[in-house]
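Chemist: Input: one structure, supplied below.
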Amino acid sequence: MEPMGKISPSTLSKSDLPWQILWNKEACTLCGRCTAVCPVRAIELGVHRKRVVQTVIGLTEKPGNVFTVYHGVDQRTDPAHACIGCGMCDLVCPNAAIRPIRSTDVDKLRFHVNQGGMPRRRGGRRNDPRSVLDEIKFIRISMLTDPALDAGRHDFELRTLLGRILPAEDLAKTLSENGWIPPVREIYPLIIGGMSFGALSPNMWEGLQMGVAYLNEEKGMPVRICTGEGGCPPRLLRSRFLKYVILQIASGYFGWDEIIHALPEMREDPCAIEIKYGQGAKPGDGGLLMWYKVNSLIAAIRGVPQGISLPSPPTHQTLYSIEESVAKMIQSMAMAWGFRVPVYPKISATSTTLAVLNNLTRNPYASGLAIDGEDGGTGAAYNVSMNHMGHPIASNIRDAYLNLVKIGKQNEIPLFAGGGIGKNGNLAANAAALIMLGASGVQIGKYIMQAAAGCLGSEADRCNICNIGLCPKGITSQDARLYRRLDPEQVAERVVDVYLSFDQELKKIMAPLGRSTSLPIGMSDALGIADGDAAARLQIRHVL
Amino acid sequence: MCRLFAITSKEPLSPMAAIHALNVMKEGHDGSGVGLLLTDLGGSFERFKGAPILSGIFSNEGIRALDRYMLDLDFMVKYKLSIRPAKTPPPGTPKRDNYLVRVYDYPPDWQSLSKEELEYRLMLTRLKLRQMGEQDGSMIVFSFWPDVIMLKEVGDPLALADYLGLDNEEFKARIILAQGRQNTNYAIDIYACHPFFIQGYSTMTNGENTAFVTIREYLASRNYAGYMGYQSDSEVFTHILHFAQQKLGMGLDMYKHLLTPLKEEELQRHPQGERLRAVKRTCRPLIIDGPNCVIGCLPDRTLFMVQDSKKLRPGIVGGASGMFAFSSEMCGLDAAIPDRNKSEDFQPMKYDTVMVPPNRQEVVRWNQWER
Numbered sequence: 001m002e003p004m005g006k007i008s009p010s011t012l013s014k015s016d017l018p019w020q021i022l023w024n025k026e027a028c029t030l031c032g033r034c035t036a037v038c039p040v041r042a043i044e045l046g047v048h049r050k051r052v053v054q055t056v057i058g059l060t061e062k063p064g065n066v067f068t069v070y071h072g073v074d075q076r077t078d079p080a081h082a083c084i085g086c087g088m089c090d091l092v093c094p095n096a097a098i099r100p101i102r103s104t105d106v107d108k109l110r111f112h113v114n115q116g117g118m119p120r121r122r123g124g125r126r127n128d129p130r131s132v133l134d135e136i137k138f139i140r141i142s143m144l145t146d147p148a149l150d151a152g153r154h155d156f157e158l159r160t161l162l163g164r165i166l167p168a169e170d171l172a173k174t175l176s177e178n179g180w181i182p183p184v185r186e187i188y189p190l191i192i193g194g195m196s197f198g199a200l201s202p203n204m205w206e207g208l209q210m211g212v213a214y215l216n217e218e219k220g221m222p223v224r225i226c227t228g229e230g231g232c233p234p235r236l237l238r239s240r241f242l243k244y245v246i247l248q249i250a251s252g253y254f255g256w257d258e259i260i261h262a263l264p265e266m267r268e269d270p271c272a273i274e275i276k277y278g279q280g281a282k283p284g285d286g287g288l289l290m291w292y293k294v295n296s297l298i299a300a301i302r303g304v305p306q307g308i309s310l311p312s313p314p315t316h317q318t319l320y321s322i323e324e325s326v327a328k329m330i331q332s333m334a335m336a337w338g339f340r341v342p343v344y345p346k347i348s349a350t351s352t353t354l355a356v357l358n359n360l361t362r363n364p365y366a367s368g369l370a371i372d373g374e375d376g377g378t379g380a381a382y383n384v385s386m387n388h389m390g391h392p393i394a395s396n397i398r399d400a401y402l403n404l405v406k407i408g409k410q411n412e413i414p415l416f417a418g419g420g421i422g423k424n425g426n427l428a429a430n431a432a433a434l435i436m437l438g439a440s441g442v443q444i445g446k447y448i449m450q451a452a453a454g455c456l457g458s459e460a461d462r463c464n465i466c467n468i469g470l471c472p473k474g475i476t477s478q479d480a481r482l483y484r485r486l487d488p489e490q491v492a493e494r495v496v497d498v499y500l501s502f503d504q505e506l507k508k509i510m511a512p513l514g515r516s517t518s519l520p521i522g523m524s525d526a527l528g529i530a531d532g533d534a535a536a537r538l539q540i541r542h543v544l
Numbered sequence: 001m002c003r004l005f006a007i008t009s010k011e012p013l014s015p016m017a018a019i020h021a022l023n024v025m026k027e028g029h030d031g032s033g034v035g036l037l038l039t040d041l042g043g044s045f046e047r048f049k050g051a052p053i054l055s056g057i058f059s060n061e062g063i064r065a066l067d068r069y070m071l072d073l074d075f076m077v078k079y080k081l082s083i084r085p086a087k088t089p090p091p092g093t094p095k096r097d098n099y100l101v102r103v104y105d106y107p108p109d110w111q112s113l114s115k116e117e118l119e120y121r122l123m124l125t126r127l128k129l130r131q132m133g134e135q136d137g138s139m140i141v142f143s144f145w146p147d148v149i150m151l152k153e154v155g156d157p158l159a160l161a162d163y164l165g166l167d168n169e170e171f172k173a174r175i176i177l178a179q180g181r182q183n184t185n186y187a188i189d190i191y192a193c194h195p196f197f198i199q200g201y202s203t204m205t206n207g208e209n210t211a212f213v214t215i216r217e218y219l220a221s222r223n224y225a226g227y228m229g230y231q232s233d234s235e236v237f238t239h240i241l242h243f244a245q246q247k248l249g250m251g252l253d254m255y256k257h258l259l260t261p262l263k264e265e266e267l268q269r270h271p272q273g274e275r276l277r278a279v280k281r282t283c284r285p286l287i288i289d290g291p292n293c294v295i296g297c298l299p300d301r302t303l304f305m306v307q308d309s310k311k312l313r314p315g316i317v318g319g320a321s322g323m324f325a326f327s328s329e330m331c332g333l334d335a336a337i338p339d340r341n342k343s344e345d346f347q348p349m350k351y352d353t354v355m356v357p358p359n360r361q362e363v364v365r366w367n368q369w370e371r
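Protein chains in written order, with my numbering: chain D, 1 to 544; chain S, 1 to 371.
Here it is as structure tokens:
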């Protein structure tokens with residue numbers, strides 16, 4: 001006799017999946033919204049046959065069966081259609097009849113997400129919710145011997161410098177000789193880090209840009225946003241808003257043909273140029289925009305054909321050695337804007353960071369160093385890179401800062417930290433901790449997607465499908481049917497909300513420490529942590 | 001919060017003038033230390049104007065080590081005043097063998113040195129002696145500089161002055177800086193006692209400097225031997241002053257701009273905005289974050305006072321031609337110069353710098369908008 005169905009090695013039951021769909025037949029109206037909205041088609045219309053035994057009282061009639069059919073929802077179990085836990089079904093259901101439930105057991109799906117020999121790729125960040133930044137406390141509270149300040153009434157200087165700062169000892173000579181003073185931008189210490197046009201939907205990009213423009217022009221907050229590696233829309237390049245933008249150049253050079261051609265028509269200089277040598281989510285790997293997202297608009301801006309995957313090389317093609325190639329690249333970019341624009345590299349946090357930093361200290365055109373830790377997010381990367389590659393940001397930024405202190409250049413090359421800041425919602429506390437460990441400012445990406453656009457991704461591996469263009473919130477999709485769910489005006493409003501509340505929280509941290517007149521960069525005496533090893537490693541106080 | 005008092009007078013004064021002023025401000029210090037700096041000396045030391053004077057506390061063994069070391073360098077003692085207190089010290093004051101003030105003659109081979117090199121070597125000698133004494137506590141060295149005497153000890157100012165016999169004709173000076181210490185952050189350490197001194201620059205401060213650690217890191221990374229110590233968070237104020245004038249070639253007018261630079265919005269309206277912005281950026285690690293009132297003395301014997309940008313600490317200057325005093329509280333000023341025109345007293349606010357130049361004719365004041 002033939003079996004009713006075949007079982008293959010990758011045949012999974014619903015219990016084997018990380019997420020199970022809980023569906024309530026009684027409440028369901030069969031409206032079909034859940035199956036329509038599911039980004040991975042994990043659920044579909046189910047037609048179920050049901051047998052009901054009917055027994056009649058008395059002995060005259062024999063018991064019988066009635067076969068009925070009812071309609072409902074079925075959860076698919078093949079790896080390609082496994083539920084991702086995004087919860088959009090729950091969001092759209094009028095009767096709260098359906099939602100995904102996380103399995104309490106370790107799923108078996110993880111062993112089968114490499115069908116066809118292709119390792120899992122995804123978006124998001126390292127699937128680990130722990131954060132050493134969350135454990136850092138601010139312990140130096142001004143009590144009686146010096147008065148704590150009033151976060152609501154005192155003046156606070158919450159700006160930082162992006163750019164190469166001359167050594168104090170050289171300033172008088174430079175001023176008297178009318179020498180070149182490297183360009184320096186006075187900016188807000190919370191930067192929206194590089195998320196490309198392509199990785200993000202047009203509506204998301206527009207919303208972020210509008211929010212940033214509003215913060216600058218209406219709120220007087222010099223907030224800056226980095227383009228990521230995907231170029232910049234031509235109209236923005238030629239607008240006055242370019243001054244709020246950090247243009248990123250990365251190993252794929254996507255979009256730079258457009259940028260170079262726009263140079264003569266630029267009304268404003270960009271804030272800065274970020275040369276991306278690495279990122280925290282996939283250290284040592286290049287950018288990746290998968291074919292799903294390369295539509296005609298993206299193809300035009302990036303100068304590539306439509307519908308092909310765009311993996312950037314792991315390193316710049318011109319990179320031969322840091323001594324000359326990186327120096328040349330920094331100099332070339334500086335020269336393109338007449339040495340009026342700061343140019344700085346961005347690297348993945350690594351145990352070799354100090355070698356890079358030491359080199360930059362000897363290059364007078366290097367305007368800073370951005371370091372992206374292992375918890376940085378991405379639109380697309382191999383799962384193994386995200387989960388296992390990279391260096392935590394806290395000790396890396398601390399080492400870099402203390403190294404600068406050692407050579408007396410802590411004020412000359414600003415360090416910017418990224419990767420996992422606010423991953424558990426503690427944005428201001430994480431940012432302040434990194435600043436007091438030595439960062440001049442911080443870069444965020446994932447946080448702003450979560451807070452300003454409602455990104456559903458989490459470090460418990462929820463959603464995380466930014467790579468395939470099916471973002472259910474329209475944040476990382478290039479499909480107009482999806483991204484029209486996102487209203488750019490509302491994203492801009494949320495960006496403003498995030499910054500205003502961050503500003504208030506940062507003051508609430510600084511004021512009790514007795515700090516207001518300058519950003520407390522490197523104020524490590526304010527920090528404490530209960531983990532003795534972490535305290536020793538970060539050279540902060542061990543508190544219990 | 002410590003109490004500060006400084007006085008500059010045409011006629012040499014006994015340090016008791018400052019001690020009495022501290023005494024009326026007694027509510028504000030707890031006997032955890034008193035510090036005195038005397039310069040523009042009168043009394044017995046007037047005749048040794050150019051010769052370096054070593055001030056410190058030495059054990060008997062420390063004096064022997066000092067003699068050996070100085071002899072090796074070919075320094076010769078020209079005059080000495082050793083206070084060897086016999087009585088029981090006042091409560092809280094440790095028993096010391098010797099409070100020492102010695103005038104030296106330069107080694108013959110130093111005579112040909114440039115002024116800069118000479119001053120550098122004087123500082124290195126002080127640091128070396130301090131380091132030698134730190135191992136066993138046998139030498140505590142406060143200053144080694146021409147025309148400067150310093151004295152620091154734990155205890156109540158008036159009781160100490162009596163114990164050490166400061167009411168002595170030998171001790172007279174035209175400029176006196178004095179601090180009665182209110183110990184706050186750190187364990188009682190004699191080196192934490194103000195005023196602080198480096199190469200003729202001296203300051204004392206009340207209040208805490210919450211940006212201390214980063215300023216210390218910056219100064220210590222300037223690769224200059226004198227920027228060390230920091231037993232008190234206030235020592236950085238002296239070193240910032242020295243750094244500004246000696247390393248950056250700035251005048252006193254820039255000291256306030258370093259400690260509390262104007263905000264960006266203010267710089268945009270300032271006639272010197274561009275230059276001040278460049279200074280603010282390159283000297284960013286020197287920005288203090290008060291509350292602090294700083295009183296100091298320059299090598300040319302200018303006395304000055306500045307406040308932090310929040311102006312959370314008191315400070316007043318007043319007097320008349322020939323004698324002016326700076327005090328952290330008005331009662332201290334009243335005690336020292338009761339017969340002055342009080343309507344001309346001045347309390348510097350967050351933008352102000354006040355100073356009395358070496359001629360002691362008037363109080364000169366300006367704010368950050370003017371210079």
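Note that CB positions come from ideal geometry on N, CA and C, so glycine has one too.
1) In chain order, what residues of the stretch 202–224 of chain S put their CB closer than 9 Å to some CB of chain D?
2) Do we get a CB-CB distance below 8 Å when we pair residue 2(S) with the residues of chain D?
3) Just the C-alpha distance for residue 478(D) and residue 322(D), rounded to the nearest angstrom, thanks.
4) Could you work out which residues of chain D lie near residue 278(S), taking near to mean beta carbons separated by less than 7 Å?
5) How far does the alpha helix (DSSP H) with residue 72(S) in it reach, from first residue to last?
6) Which parts of the stretch 107–156 of chain S are runs of the alpha helix (DSSP H), unbroken and 4 residues or longer, counting only runs that do not cross its ends?
7) Based on DSSP bridge pairs, tell me the residues matched to residue 71(D).
8) Since residue 256(D) is in the alpha helix (DSSP H), which residue starts that stretch and which ends it?
9) At a cut of 8 Å, does the stretch 205–221 of chain S reach the stretch 522–542 of chain D through at least three beta carbon pairs?
10) So, with DSSP's three-state summary, where would you put residue 194(S)?
11) Specify the secondary structure class of residue 11(S) as computed by DSSP and reduced to three states.
12) Going along the chain, which residues of its own chain have a beta-carbon closer than 6 Å to the beta-carbon of residue 5(D), five neighbours each way excluded?
13) So for residue 346(S), helix, strand or coil by DSSP?
14) Can you list, in chain order, the residues of its chain with a C-beta nearer than 7 Å to that of residue 185(S)? Leave out the 5 residues immediately preceding and following it.
15) Count Cβ pairs between the stretch 245–257 of chain D and the stretch 219–229 of chain D that sit closer than 8 Å; are there 3 or more?
16) Which first and last residues belong to the alpha helix (DSSP H) in which residue 249(D) is found?
17) Would you report the Cα separation of residue 441(D) and residue 352(D), rounded to the nearest angstrom?
18) Starting from residue 207(D), trace the beta strand (DSSP E) in both directions and tell me its first and last residue.
19) Which chain D residues are close to residue 248(S), counting only those with a beta carbon under 9 Å from its beta carbon?
20) Quick one: measure Cβ to Cβ for residue 309(D) and residue 286(D), integer angstroms, because I've assumed they're closer than 8 Å.
21) Tell whether a beta-carbon distance below 8 Å holds between residue 398(D) and residue 538(D).
22) With a threshold of 8 Å between beta-carbons, can residue 367(D) be considered close to chain S, or not?
23) Is any beta-carbon of chain S found at less than 8 Å from that of residue 361(D)?
24) On the CB-based measure, 16 or more other CB atoms within 10 Å of its CB, does residue 9(D) come out buried or exposed?
25) Please name the residue, chosen from 72(S), 201(S), 368(S), 338(S), that lies closest to residue 348(S) on a Cα-to-Cα basis.
26) Going by C-alpha to C-alpha distance, which of 12(S), 350(S), 345(S), 97(S) sits closest to residue 372(S)?
27) Name the one or two DSSP bridge partners that residue 180(S) has.
28) Is the stretch 1–8 of chain S touching the stretch 120–136 of chain S, taking contact as three or more C-beta pairs under 8 Å?
29) For residue 503(D), report the span of its alpha helix (DSSP H) as first-last.
30) Let me see if you follow: with CB-CB separation under 8 Å, is residue 186(S) close to chain D or not?
31) Which bits of chain D does residue 263(S) rub up against, with CB to CB less than 8 Å?
32) Rounded to whole angstroms, what is the Cα-Cα separation between residue 436(D) and residue 294(D)?
33) Candidates 113(S), 171(S), 155(S): which alpha carbon is nearest residue 102(S)'s?
34) If residue 324(S) and residue 363(S) are in contact, beta carbons under 8 Å, what's the gap, nearest whole angstrom?
35) Anything in the stretch 298–310 of chain S with a Cβ closer than 9 Å to a Cβ of chain D? List those residues in chain order, please.
Modeler: Short version:
1) 207, 208, 209, 210, 211, 212, 213, 214, 217, 218, 220, 221, 222, 223
2) no
3) 36 Å
4) 171, 175, 181
5) 60–73
6) 115–134
7) 47(D)
8) 256–262
9) yes
10) coil
11) strand
12) none
13) strand
14) Its pLDDT being 48, under 50, residue 185(S) is placed unreliably by the model, and the measurement read from it follows with that caveat. Answer for residue 185(S): 208, 233, listed in chain order.
15) yes
16) No alpha helix (DSSP H) contains residue 249(D), which is instead part of the beta strand (DSSP E) from 245–249.
17) 21 Å
18) No beta strand (DSSP E) contains residue 207(D), which is instead part of the alpha helix (DSSP H) from 202–217.
19) 168, 169, 171, 172
20) Not quite, the Cβ-Cβ distance comes to about 12 Å (not below 8 Å), so this is no contact.
21) yes
22) no
23) no
24) exposed
25) 368(S)
26) Since the first residue of chain S shown is 1 and the last is 371, residue 372(S) is not available in this structure.
27) 3(S), 34(S)
28) no
29) 488–510
30) The predicted model places residue 186(S) with a pLDDT of 47, which falls under 50 and marks its position as unreliable; any figure quoted below should be read in that light. No, its Cβ sits nowhere closer than 8 Å to a Cβ of chain D.
31) 155, 157
32) 41 Å
33) 171(S)
34) 6 Å
35) 308, 309, 310
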